[in-house]
Amino acid sequence: MPVITLPDGSQRQFDHAVTVADVAADIGPGLAKAALAGRVGDTVVDTSYLISDDADLAIITARDDDGLDVIRHSTAHLMAQAVKQLFPSAQITIGPVIENGFFYDFSYERGFTPEDLSAIETSMGELAKADLQVSRSELSRDDAVAYFKDQGEHYKAEIIESIPAEEAIGLYGQGDWKDLCRGPHVPSTGHLKAFKLMKLAGAYWRGDSDNEMLQRIYGTAWGDKKALKAYLHRLEEAEKRDHRKFGTALDLFHLQPEAPGMVFWHDKGWRLYLVIENYVREKLSNGGYQEVRTPQILDRSLWEKSGHWGKYDENMFTTGSEKRDYAIKPMNCPGHVQIYNHGLHSYKDLPIRMAEFGSCHRNEASGTLHGLMRVRNFVQDDAHIFCTEDQIQEEVARFIELLKDVYADFGFTDIIINLSTRPEQRVGADALWDKAEAALESVLNTLGLDWTLQAGEGAFYGPKIDFSLKDSIGRVWQLGTMQLDFSMPDRLDAQYVDRDGVKRTPVMLHRAILGSLERFIGVLLEHYAGILPFWLSPVQCVVMGITHRQDEYVKKIAETLKKQGFRVDLDLRNEKIGLKIRQHSVQKIPYLLVVGDREMENGTVALRAQNGDDLGSQSVEAVTELFADLVAKRSRV
RNA sequence: GCCGAGAUAGCUCAGUCGGUAGAGCAACUGAUUCGUAAUCAGUAGGUCGGAGGUUCGAUUCCUCUUCUCGGCACCA
C-alpha cells in the first residue's frame with residue numbers, strides 16, 4: 328500500500344506496488360508521455376522501477392537536469408546500437424555522459440571515417456523513430472561475463488570481471504542489442520529526438536597511454552530540437568572568440584612551423600603583453616617583492632641536483648658547449664635559489680619574495696600545443712617566497728589578497744579555489760605535511776573563501792592551492808597557484824640562520840597569479856571576445872579627419888593624447904569616413920575620434936565608442952579626462 | 001607522443017574524376033576630398049606545406065615528413 332509523496336508535497340495512495348510510469352500516468356497523460364525516469368529519494372531510477380513502500384518520488388522529464396543526463400546516456404546506447412548494427416565486428420567499451428552530451432569508445436579494425444559518422448547518425452535516427460522499448464534485466468556476474476564473451480565483446484567482459492562476483496549485473500536491451508549498464512534509461516528510444524554526432528577522436532583504453540587506442544565518438548543530445556540548435560549556436564559563438572583568430576585579425580601575434588609552440592609577438596600584441604607585465608610588476612613591487620633576472624641556460628649538474636634532470640629530462644630542451652651539458656630553463660626556481668644562496672641569511676631577512684618574468688622553455692609533446700594556451704616558450708608572473716614554516720600562513724593570506732585584487736582589475740570576479748593535498752608519492756615527513764595542509768586550510772577558512780578539496784592531487788614536494796576563474800561564457804581556466812615546497816630548498820642547500828644560531832632550511836612557496844602570460848592573454852582575448860578594456864587595448868584610439876583639410880588638426884590632437892601617455896593611431900588616408908570607421912571598428916579600437924571642419928573650428932573632436940555609441944562633440948580636455956579615468960579604474964569601455 | 005582530419009594568394013575560402021589554379025577582402029595604380037560600419041575603375045600577386053614515388057604529365061594518386069586542427073595521454 329505505498330503512499331507516494333510528490334515534490335509539491337501532495338500524496339497519492341495506491342493499493343498495490345506501482346511503477347514510476349504508473350504514478351506518472353495517474354497524475355496525467357501528458358506527464359506519462361514525458362516521463363523519462365523517476366527520482367526516488369536521491370536515486371534516479373527507470374520508469375519501470377517498482378515501488379512497493381512509501382516513497383518520495385519526482386517524475387523526471389527532459390526539463391530536468393537529471394532527465395537530460397538520462398537522455399544523453401540513452402543516446403550513447405543508441406549510438407552503440409547503431410554502430411553494432413553497421414559494424415558488427417566493432418567492440419563496445421564504455422559510453423558515459425559528459426557535459427552537454429556523451430561519448431562512446433569502440434574498438435574496431437579500421438578507423439571510422441566522417442562518412443561512417445553520418446551513416447551512424449542516420450541509423451540512430453531510424454532506431455529512435457522505431458521507438459524500441461528499453462528493457463532492463465539482470466544476470467549474475469559470471470553469466471554476464473559469459474554472455475559478453477560469447478558476443479565477442481572482450482572489453483565489456485573485462486569490465487564486468489572487475490565487478491564483485493556476488494553482484495547482479497544490470498543489462499539494458501533495446502531491439503536485438505544489449506549493454507551492461509547501471510542505468511537508468513529512457514523507457515523507449517522514441518524519447519531521443521535531438522542529438523548530433525560531433526567528432527571522432529582517439530582515446531586510450533582505461534585512460535592509460537600504455538593501452539590500445541580506442542575510437543571515441545562524441546555526440547551531443549538535448550530534450551528537444553530547439554535546445555540542440557541553441558547549443559550548436561553557442562558553440563559557434565565560442566568559436567568566434569577563438570584567441571587564435573584574433574592573433575591574425577588584430578595583428579597581435581603569430582605562430583609558424585619553424586618555432587612550434589613559440590610565439591612571434593607583433594607590435595600590437597607586444598604592447599598588450601608589456602601593459603600586463605608592467606601592471607603585475609608594479610603590483611608585486613608594492614607587495615614587497617624584489618625582481619631578479621636569472622640565466623636562460625644552466626649547467627646540467629644544477630638540474631640534476633634539483634631533481635628535474637631525472638624526472639623531466641624528456642621535457643627539457645638541452646644544449647651543450649665544450650663538452651658540458653646544459654638545460655634551457657623550464658622554470659625559474661633553481662635560479663632563484665642561487666640568488667638566495669649568494670650570501671648568508673638571518674631569520675630576520677625572511678620572508679624574501681623574489682619575482683622574475685623569466686622566459687621558460689618546456690618541450691611539451693607536439694600533440695598538446697594549442698595557440699597561446701599551451702606553448703613551449705612562456706613567461707610566468709612567477710615568484711618564490713622563502714620563509715619559515717611559521718610564516719606560511721601569513722604569506723599565503725597576503726598572496727590571496729593580491730591575487731583577488733589583480734583578477735578584479737582584469738574583470739574576473741568568479742574565482743574557484745581548489746586545495747590539493749598530499750599525493751601517494753611524496754617527499755617530506757608526514758608531520759610537515761600535516762602542518763602545511765592545516766596552514767593552507769586555515770588561511771582559506773580565515774579569509775572566508777569557498778574552496779574544494781582535491782585529496783591526493785598535490786605536487787610531490789608539497790600541497791598547493793589552485794585558483795581558476797570563469798570567463799564570460801562560463802568556461803573555467805586555471806591560472807593562479809600557490810605551492811608549498813619542502814624539497815627544493817633542501818636539495819639546493821638554501822639555509823638561514825635561526826634565532827638560536829642554528830642553520831635551518833627555509834620553506835619555498837612557488838606562486839603565480841596569471842600563470843603564463845601567453846596563456847593569460849589567450850584567456851583575456853576569449854573572455855572579452857577581442858574587445859579589450861581601454862587600459863589593455865594596444866591602440867586605445869584612432870584620430871581621423873573627414874578630408875585632408877583637417878590633417879594638421881588631426882596630427883595635433885593625436886600628439887596631445889600621445890603626450891598624455893595614451894596609445895594613439897591616426898588615419899590620414901584619403902578615404903571616406905565610413906570606411907575608416909568600419910576598418911577601425913573591425914580592429915576593435917575602443918574610441919574613434921572624428922574631426923571635420925566643425926570640430927576644427929570649435930577645437931573639439933567627435934567621439935565614437937567601440938560599441939557604436941555616438942558620444943557627441945567633446946573638448947580634447949574632456950576626452951583626456953575620460954581616458955585617464957578609464958585607465959585609473961581599469962574599467963571596461 | 002598516440003588516434004583522426006587538414007595544409008591552395010597576405011587573410012578567408014572555392015576548385016582540379018591526373019593536363020601546372022579562381023573569388024572576396026587586403027596590396028599597388030588612377031580617379032574621387034566625401035560627416036559615423038565597405039566610393040569606383042584598373043594592376044599585380046601562387047614552385048597548391050616539404051621530400052620522394054607512380055605516370056607522357058602530379059596541386060590532384062601513393063609513401064615519408066613538418067606543422068595545424070579535434071580528441072586522448074601529459075602538464076614540474
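Start counting the first sequence at 328; every next residue gets the next number (our numbering). Just so you know, even glycine gets a beta-carbon here, dropped at the ideal spot from N, CA and C.
When DSSP builds the beta bridges, which residues end up paired with residue 467? 495
Please report the residue range of the alpha helix (DSSP H) in which residue 929 lies. 924-929
Got a sec? Which residues, its chain only, sit under 7 Å from residue 798 by beta carbon, not counting five neighbours each side? 804, 850, 853, 854
In the structure shown, what three-state DSSP assignment does residue 647 receive? strand
Please look up how many angstroms separate the CB atoms of residue 713 and residue 679, rounded, as I've assumed it's under 8 Å. 5 Å
Out of 762, 736, 700, which one is the CA nearest neighbour of residue 719? 762
DSSP state of residue 530 mapped onto helix, strand, coil: strand
What residue range does the alpha helix (DSSP H) around residue 701 cover? Taken as a continuous stretch (DSSP letters only), residue 701 belongs to no alpha helix (DSSP H), as it is neither H nor E.
Which residues share a DSSP beta bridge with residue 626? 653
Between the region 363-372 and the region 504-513, can you find at least three pairs of beta-carbon atoms closer than 8 Å? yes
Do the CB positions of residue 907 and residue 898 come within less than 8 Å of each other? yes
By how many angstroms is the C-alpha of residue 578 removed from the C-alpha of residue 594? 8 Å
Curious, which full-length alpha helix (DSSP H) runs of at least 4 residues does the region 580-621 contain? 594-613
Are residue 867 and residue 954 close, meaning C-beta to C-beta below 8 Å? yes
Selection from 580, 827, 400 that minimises the alpha carbon distance to residue 549: 400
Taking the DSSP output, what are the residues bridged to residue 419? 433
Name the residue from 506, 359, 615 whose alpha carbon lies nearest to the alpha carbon of residue 404. 506
Can you list, in chain order, the residues of its chain with a C-beta nearer than 8 Å to that of residue 332? Leave out the 5 residues immediately preceding and following it. 338, 381, 382, 383, 384
Cβ separation of residue 359 and residue 352, assumed to be a contact under 8 Å, to the nearest whole Å: 4 Å
Buried versus exposed call for residue 591 [16 or more other C-beta atoms within 10 Å across all chains shown]: exposed
Report the three-state DSSP secondary structure of residue 412 (helix, strand or coil). helix
Spatial distance of residue 671 from residue 824 (CA atoms): 8 Å
With distances taken Cα to Cα, identify the nearest neighbour of residue 738 among 422, 796, 698, 779. 796
In the region 881-911, which residue ranges form an unbroken beta strand (DSSP E) of at least 3 residues, counting only runs that do not cross its ends? 895-898
Figure out for me which residue from 546, 518, 812, 464 has the closest Cα to the Cα of residue 499. 464
According to the neighbour-count rule (16 or more other Cβ atoms, all chains shown, within 10 Å of its Cβ), is residue 757 buried or exposed? exposed
Inter-residue Cα distance where the pair is residue 812 and residue 836: 6 Å
Let me check understanding here. Comparing Cα to Cα, which of 957, 708, 501, 639 lies closest to residue 844? 708
Tell me residue 794's beta-bridge partners as DSSP assigns them. 744, 807
Please classify residue 547 as buried or exposed, where buried requires at least 16 other C-beta atoms within 10 Å of its C-beta. buried
Between which two residues does the alpha helix (DSSP H) harbouring residue 734 extend? 719-736
Does the region 917-937 come into contact with the region 827-836, if we say contact requires no fewer than three beta-carbon pairs (one atom in each stretch) closer than 8 Å? no
Tell me the rounded alpha-carbon separation between residue 356 and residue 348. 10 Å
Using the beta-carbon count (16 or more within 10 Å), is residue 584 buried or exposed? exposed
With a CB to CB cut of under 7 Å and the five nearest residues on each side skipped, what residues in its chain are close to residue 652? 627, 645
Below 8 Å on the Cβ atoms is my contact criterion, and I expect residue 541 with residue 695 to pass it. Report the Cβ-Cβ distance as a whole number of Å. Actually they do not touch by this definition, with Cβ atoms about 20 Å apart.
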